[in-house]
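Numbering that gives the first Met the number 0 puts the sequence shown at residues 0 to 229. Even for Gly, the Cβ is constructed at its ideal location relative to N, Cα and C. Each remark here refers to the structure printed beneath this line.
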Amino acid sequence: MRIDKFIANLWYGSRKQVGEYIKNEYIAVNDETIYEKDYEIHYWDIISIGEKKIEYKEYIYLLLNKPVWYISSKKSEWWHPSYLELLENCPYGQIIDIVGRLDFDTSGFLLLTNDGSLTHKIISPKKDIFKKYYVVWANNISQKDREKLESGVKIDDTISKPAKVEIIDENKIYLSISEGRFHQIKKMFESIGNKVIELKRVSIWWLTLWNLPLWEWKYLTNEEVKKLFE
Ligand code: URA
């Protein structure tokens, strides 16, 4: 890829501005100043933008433990900050996208990548990849409600795909679903006459938050990425 395109994509300015950086000897590749804006970079090259060093990777995979209040959109709204504010120390924030958004009042696991084939695999309903949520609800649920969640409830005029329910105590469960419809879990609970009061995504498929603290992010390891494609 051309260096000016790579740097502009990362949001360090327009291609024209990047051209100026290059003219001003502000850009280096593997510690050598470069002078051409169409200089071709290769994976694993280290790009310096002033003092900042960035590895040029083809694909980026990371997970973020999102607190409530942040929105799953790259642009902040006046009353809600974008999740990108939590990735301030990650140089790739602008070139990766969320795989399965969370509502502003839902916390937990956000997977982010620029690898479209992984996104497709995770969100395609045909693949039946389960996403697990910790749910606290307002009213007790009966055995019948549980069975309804497990077999499918009516939301938006269609029936949800079967979910997995693990009871934690009388007002908390883990609910695993293989779809990702808009407000899906809240709507599923509404459909059984209940109300979600706390929602947190704890895992996607076999990937979990482990001990990643709220507000923090980490890159997936090479082993994890490999396993996602097996
Ligand atoms: N279901 C919801 O209702 N909200 C989310 O953020 C995720 C799943």
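Run of the alpha helix (DSSP H) containing residue i, from where it starts to where it stops
i, result
"PHE108", "It is not in any alpha helix (DSSP H) - PHE108 instead sits in the beta strand (DSSP E) that spans 106-112."
"VAL224", "221-227"
"ILE121", "115-122"
"LYS147", "142-150"
"ASP247", "Nothing about residue 247 can be reported from this structure: the residues present for the chain run from 0 to 229 only."
"GLU87", "GLU87 -> no alpha helix (DSSP H), and no H or E assigned at all."
"GLU178", "Note, GLU178: premise wrong, no alpha helix (DSSP H); not H, not E."
"GLU189", "183-190"
Paired residues, beta bridge with residue i - DSSP
i, result
"LEU63", "LEU109, TRP216"
"TYR133", "TYR173, LYS199"
"VAL17", "Answer is none; VAL17 lacks a bridge partner."
"HIS79", "GLU76"
"ILE26", "ILE48"
"LEU206", "ILE203"
"ILE40", "Answer is none; ILE40 lacks a bridge partner."
"ASP127", "Partner(s): none; ASP127 has no beta bridge."
"ILE97", "LEU111"
Presumed contact (8 Å Cβ cut-off) between residue i and residue j, rounded CB distance
i, j, result
"PHE108", "VAL201", "6 Å"
"LEU62", "LEU219", "7 Å"
"ILE176", "LYS130", "6 Å"
"LEU101", "LYS65", "6 Å"
"ILE121", "GLY99", "7 Å"
"LYS75", "ILE97", "Lys is not the amino acid found at residue 75; the sequence shown has Ser there. Not a contact, Cβ separation roughly 15 Å."
"ILE40", "TYR55", "5 Å"
"ILE94", "ASN8", "5 Å"
"ARG1", "TYR38", "7 Å"
"LEU198", "VAL134", "6 Å"
Residue i burial status per 10 Å Cβ neighbour count (16 or more: buried)
i, result
"ILE203", "buried"
"GLN183", "buried"
"SER159", "buried"
"PHE181", "exposed"
"ASN221", "exposed"
Residue interval of the beta strand (DSSP E) (run including residue i)
i, result
"SER47", "45-48"
"LYS163", "163-168"
The ligand URA: which residues have Cβ under 5 Å from any of its heavy atoms, chain order? Counting every residue whose Cβ lies closer than 5 Å to a heavy atom of the ligand URA, we get LEU101, ASP102, THR105, HIS182, GLN183, ILE184, LYS185.
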